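Visitor:
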Amino acid sequence: MTAVTEPPQQSFRIEMLWTDARYRSGFLQVIALMLVMLAVAWVVDNTIRNLEALGKDFDFSFLFAPASYDINQVLIDYTSRSPHWRAALVGMLNTLILAFVGCITCTIIGVIAGVLRLSKNWVVSRLMLVYIEAARNVPLLLQILLWGAIFSETMPAPRDYRGEEPAATLWFDAIAATNRGFYIPRPLFEAGSGVVVGVFVASLIGLFIWNRWRKAHQNATGQTLTPRLEQIGKGFAVPAGLAVAWLFFPGFDQGTLAIAIKAVVALGLGAGSAWLLYTFNTLSVRLAILSVPAVLAFFVMGSPITLAYPELRGFNFLDGEGQAIYLRNSFMALWLALSLYTGAFVAEIVRGGILAVSKGQSEAAAALGLRPNLIMSLVILPQALRIIIPPQISQFLNLTKNTSLAIAIGYMDVTGTLGGITMNQTGREMECMLLLMAFYLVISLTISAVINAYNERVKLKER
Amino acid sequence: MTDTSVPRQTAFVAEKMIEASPPPANSVGVIGWVRANLFPDVLNGALTLLCVAFLVWLLPELYHWAFAGAVWQAGSLSECREIMNATLGEGQRAACWAVVNERFNQFMFGYYPAELRWRPVLAFVLLIAALGPVLFTWLPYRRQGLLFTLAYPVIGYYLLWGGSIWPFATFLIGVGAGVAAFRYVFAQEHPVFGSVGVALLAGIAVAALYWNVLWGPISDGIEGALGPLGPESVASDRFGGLLLTVVLGVTSLSAALPLGILLALGRQSKLLFIRMISVVFIEFVRGVPLITLLFVATTLLGYFLPPGSNFDLILRVIIMSTFFAAAYIAEAIRGGLAALPKGQYEAADALGLTYWQATRKIVLPQALKISIPSIVNIFIGLFKDTTLVSIIGLADPLGIIQPILATPQWNGIVAEMYVFVALLFFCFCFAMSRYSMYLERRLKTDHR
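From first to last, the protein sequence lines stand for chains A and B. Residue 611 in this note's numbering sits at position 414 of the first sequence, with consecutive numbering throughout. Residue 1007 in this note's numbering sits at position 422 of the second sequence, with consecutive numbering throughout.
1) Check whether the segment 335 to 350 of chain A and the segment 524 to 532 of chain A touch, using three or more Cβ-Cβ pairs below 8 Å as the test.
2) Is the segment 477 to 494 of chain A touching the segment 415 to 431 of chain A, taking contact as three or more C-beta pairs under 8 Å?
3) Taking Cβ-Cβ distances shorter than 7 Å, what residues in chain A pair up with P926 (chain B)?
4) Restricting to runs no shorter than 3 residues, where is the beta strand (DSSP E) found entirely within the segment 579 to 639 of chain A?
5) Do you know offhand how far L290 (chain A)'s Cα is from F297 (chain A)'s?
6) Beta strand (DSSP E) containing P843 (chain B): first to last residue?
7) Any beta carbon from chain A within less than 9 Å of G920 (chain B)'s own beta carbon?
8) Between the alpha carbons of T907 (chain B) and R548 (chain A), how many angstroms are there, rounded?
9) Quick check on M198 (chain A): buried or exposed, where buried means 16 or more other Cβ atoms within 10 Å of its Cβ?
10) Could you tell me which chain A residues have their CB closer than 8 Å to the CB of L678 (chain B), listed as they occur along the chain?
11) Measuring only the C-alpha atoms, how far is L886 (chain B) from A849 (chain B)?
12) Give the range of the beta strand (DSSP E) segment to which Y795 (chain B) is assigned.
13) Relative to the C-alpha of A354 (chain A), which candidate in A:S559, A:E361, A:T366, A:T375 has its C-alpha closest?
14) Here's the rule: buried if 16 or more other CB atoms are within 10 angstroms of the residue's CB, otherwise exposed. What is V865 (chain B)?
15) With DSSP as the reference, label T375 (chain A) as helix, strand or coil.
16) Looking only at C-alpha atoms, which of B:F824, B:N797, B:D805 sits nearest to P813 (chain B)?
17) Taking all protein chains shown into account, decide if G566 (chain A) is buried (16 or more other Cβ within 10 angstroms of its Cβ) or exposed.
18) With a CB to CB cut of under 6 Å and the five nearest residues on each side skipped, what residues in its chain are close to R333 (chain A)?
19) Start and end of the alpha helix (DSSP H) containing Y1003 (chain B)?
20) With DSSP as the reference, identify every bridge partner of N513 (chain A), one or two as the case may be.
21) Does Y648 (chain B) come out as helix, strand or coil in the three-state DSSP assignment?
22) M535 (chain A): which of A:I305, A:S500, A:A238, A:L633 sits nearest, CA to CA?
23) Using a Cβ-Cβ cutoff of less than 8 Å, which residues in the same chain neighbour A605 (chain A) once the five nearest sequence positions on both sides are dropped?
24) Is T672 (chain B) close to chain A, meaning its C-beta is less than 9 Å from at least one C-beta of that chain?
25) Quick check: the segment 252 to 271 of chain A against the segment 614 to 628 of chain A, are at least 3 beta-carbon pairs closer than 8 Å?
26) Got a sec? Which residues, its chain only, sit under 8 Å from L707 (chain B) by beta carbon, not counting five neighbours each side?
27) Just checking my contact of R823 (chain B) with P705 (chain B) at CB under 8 Å: how many whole Å lie between their CB atoms?
28) Have a look at G614 (chain B) and N622 (chain B) and give me their C-alpha separation to the nearest angstrom.
29) Touching or not, the segment 569 to 583 of chain A and the segment 548 to 560 of chain A, by the rule of three or more beta carbon pairs under 8 Å?
30) Go ahead and label L1028 (chain B) buried or exposed: buried means 16 or more other beta carbons lie within 10 angstroms of its beta carbon, across all protein chains shown.
31) Checking 9 Å against the spacing of the C-beta atoms, do V611 (chain A) and A285 (chain A) come in under that value?
32) Exposed or buried, which one is G997 (chain B) when buried takes at least 16 other CB atoms within 10 Å?
33) Taking only three categories from DSSP, how would you classify I381 (chain A)?
34) Determine, using beta carbons only, whether V961 (chain B) comes closer than 9 Å to chain A.
35) Starting from A296 (chain A), trace the alpha helix (DSSP H) both ways and give me its first and last residue.
36) I want to verify the contact list: residues of chain B whose CB lies under 7 Å from the CB of R246 (chain A), in sequence order.
If you want it as structure tokens, here you go:
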């Protein structure tokens, strides 16, 4: 059996390039390479000749020239004398902040809608179906423009808030919704607030450690909490409920019906949260760890963190340093439309993920005597999340890319600064588009790397 | 044990089956349904009441705004408001659908010449006829229908854009010459010259030679001798409204499908270089927003082409959205390819099929079947994304709103036109998503 017959030596013939598997792949690749190089050379040659004809060059030095235009939402120092690269940076930050808040809200909306869509409650699940189908089947750009139009046309003007009997009132006595945008309270950090923040961060770390300890404890004993901790959890419920009621309580100084209704609502909220915390002790202990030290520190330091509420001056509300935060209509319309649109897709993902966990899993868990909320958190969610998370992250990516529609409504994101005004002012289409695409590509590739890493980690280990 | 003299003390023996008693009245019928679906427990009951309260508050308002109080016939917004003041009371407002009513043709056709509007309508009807055999397999005469589908791009082009047919007719001569050359060379017995590659090269070379040298003069000559023949030509910038949306969507998707298939195959290919090109293309296009690609179409595409060549914006947009859709379709098909059991590939190899035979007869039919629902979803996305062309100044249904708002008659209208366009898109997209579900059911061959 050791006799190995040498394959007959064949002399190379030209047709073996495509008839012989040994040469074919190399041959095809060389041809493809040549074709691609030819195409690239053709494009580059055309570009060079076109640029020459227009008397342009390929040069990024324009980035350091003054931008000489204003941006209406700046998160870092920027004036019209700042260079173009800084304008681009402002735009990038605007893109990122919009994407960040959008991702958070679309997740919240999507998870709630997806779970309610599966609810046995007929009205609720139908309502969610209507929302999901309406939001998914209408173009996002249209939704953005529609919300923008609604905000700027139907909200009261700032002057409607003036006078003894104003035509408009603040929402929750804190938020001014005007046709120019929304004004929300800004937290002001005065001396000593560092201690409060520090205590809060420390409690966060403490919570993390406690969670690990709790898990170990549960694994060892089967008990979720020690009896003492259970008492603490139950004991925390009443003061927490009182605090909630006090937070929402409107005060006694006015005697109208609206105040009475608000008072009833506040008491209801307080009682509801107390009941919730009394029932779910683990949650209660977590909240206690998180809130009690920070609240104590807050009062010990003499309430160093206050809120700057919207304040009318002349024909408008004040914004800027020490005043309320001003959220433009363009930002709000984008945020709302992006969240609702992406939320509908997230809802479908969440629903699909939960449905994909086979029914036997929840039945088996129920047969083991687990309660519905434990079945959800211990059996269904861990399996569903494996399915949900990758498409969920790619929805985040879609949302981030869709923030580029901001240009249609005048929000100055990176497409509006770098790909809009800077490009039009300097006439550097090639350079600006390259930078713009590179920015989005970096984000996309980072996010896909995250998805791939996650998929690798949660992959079912088979064979 | 056998003592039977003692009378049995049995108290009761059932002599017949007792009829099953009906379920409690409160668990069947309407009441049962309401209890099970609306008020199964306190929390759900509260939720139901909340939702019902919301609907009771919302629906009458909506009905009043959209139907009861709405004005359907008026020449301007101020006229609308006068009518509302008269019918609803001073300062009361509802929807003014009159704007949609008056500008309906613009929403449908953009600035397409009014006397030629029958052409897009006919093209649309024929489009449905052409799509029928592709979308529904149960239609009769499907084979003949597919031939019509193949011919439709030309018919559609001449119906919409019009223009003389001589350039195209003479263009076809080149195709014929190329095919003839391919056949001739392929029929040779010679081992080198008789092969597919050389024959293809010969065909392409002959056709290219014809197009570069003879096509122009021949076309001009016939046109000069016989005069232009064909429907009146309509410039691209007259296109708009739903017409533009359908043109962009259908053209890009039908061009993107083959490109997407090739890209997906390229991404799976064993040839490193081809795989690299495909991956770079797909990841690049998927990584940037569509609007940047449209900006490329408006600003940069001109730089990439030979100096002096200038072709119209709609075509440039179609090219970029084709690339965009192709990258996404490639990913959808890649999913289908990956879902195919390895045994299928191995069995094809074992049968001795070549790569293209295996791909055509074994791999693609199954992979495409798996990925069709996601391809339809991509098409829905693309259809919605065509609204982005309004940002670069094309007059699609969304882009036509701004010029209408700028007219003195309709300045100040808020939501009506957006709502109308939203409904328009909703109808199309919703129908397509239902079709995708229908396909999913029909193509499901497993027996779960």
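The beta-carbon is built from N, C-alpha and C at its ideal position, and this holds for glycine as well. Here the structure is a predicted model, which is why all the values come from computation and not from measurement.
Guide: The answer reads as follows:
1) By the Cβ test, the segment 335 to 350 of chain A is in contact with the segment 524 to 532 of chain A, since at least three Cβ pairs between them sit closer than 8 Å.
2) Result yes; three or more Cβ-Cβ pairs closer than 8 Å.
3) Chain A residues near P926 (chain B): none, gap ~14 Å exceeds 7 Å.
4) The qualifying runs do not exist here; there are none.
5) Rounded to the nearest angstrom, the two C-alpha atoms are 10 Å apart.
6) Bounds of any beta strand (DSSP E) do not take in P843 (chain B); it lies within the alpha helix (DSSP H) bounded by 826 to 853.
7) No - not a single Cβ of chain A is within 9 Å of the one on G920 (chain B).
8) Approximately 31 Å, taken between the alpha carbons.
9) In this prediction, M198 (chain A) scores a pLDDT of 47, lower than 50, which makes its location untrustworthy; the coordinate-derived value is nonetheless stated afterwards. Taking all protein chains shown into account, M198 (chain A) has fewer than 16 neighbouring C-beta atoms within 10 Å of its C-beta and is therefore exposed.
10) Looking at the sequence itself, residue 678 (chain B) is Arg, so the reference to Leu does not match. Ordered by position in chain A, no residue passes the 8 Å Cβ test against R678 (chain B), which lies about 10 Å from the chain.
11) Taken atom to atom, the span from the alpha-carbon of L886 (chain B) to that of A849 (chain B) is near 25 Å.
12) First-last for Y795 (chain B): undefined, no H or E at that position.
13) Of the listed residues, the one whose Cα sits closest to A354 (chain A) is A:T375.
14) Exposed is the call here.
15) Of the three classes helix, strand and coil, the one that applies to T375 (chain A) here is strand, per DSSP.
16) Measuring from the Cα of P813 (chain B), the nearest candidate turns out to be B:D805.
17) In this structure G566 (chain A) is exposed. Its beta-carbon is surrounded by fewer than 16 other beta-carbon atoms within 10 angstroms.
18) A541.
19) Note, Y1003 (chain B): alpha helix (DSSP H), 1001 to 1028.
20) The partner list for N513 (chain A) (beta bridge, DSSP) reads A:R510.
21) Y648 (chain B) falls in the helix class under three-state DSSP.
22) Note that residue 535 (chain A) corresponds to Leu in the displayed sequence, not to Met. Answer by Cα proximity: A:I305.
23) Apart from the 5 residues on each side of it in sequence, A605 (chain A) sits with its Cβ closer than 8 Å to the Cβ of L338, I341, L342 in its chain, given in chain order.
24) By the rule that beta-carbons nearer than 9 Å mark a contact, T672 (chain B) does not touch chain A.
25) Using a Cβ-Cβ distance cut-off of 8 Å, the segment 614 to 628 of chain A and the segment 252 to 271 of chain A are in contact, since at least three pairs of beta carbons, one from each stretch, lie closer than that value.
26) These residues qualify, in order along the chain: L744.
27) Not quite, the Cβ-Cβ distance comes to about 11 Å (not below 8 Å), so this is no contact.
28) Answer to the nearest angstrom: the Cα atoms are 12 Å apart.
29) Three or more beta-carbon pairs drawn from the segment 569 to 583 of chain A and the segment 548 to 560 of chain A are found closer than 8 Å, and the two stretches are therefore classed as touching.
30) Label assigned to L1028 (chain B): exposed.
31) In this structure, A285 (chain A) lies closer than 9 Å to V611 (chain A) by Cβ.
32) Answer is exposed; the Cβ neighbour count stays below 16.
33) The answer is strand: DSSP assigns I381 (chain A) an E or B state.
34) No Cβ of chain A is located within less than 9 Å of the beta carbon of V961 (chain B).
35) Residues 281 to 314.
36) Contact of R246 (chain A) with chain B by beta-carbon distance below 7 Å involves P892.
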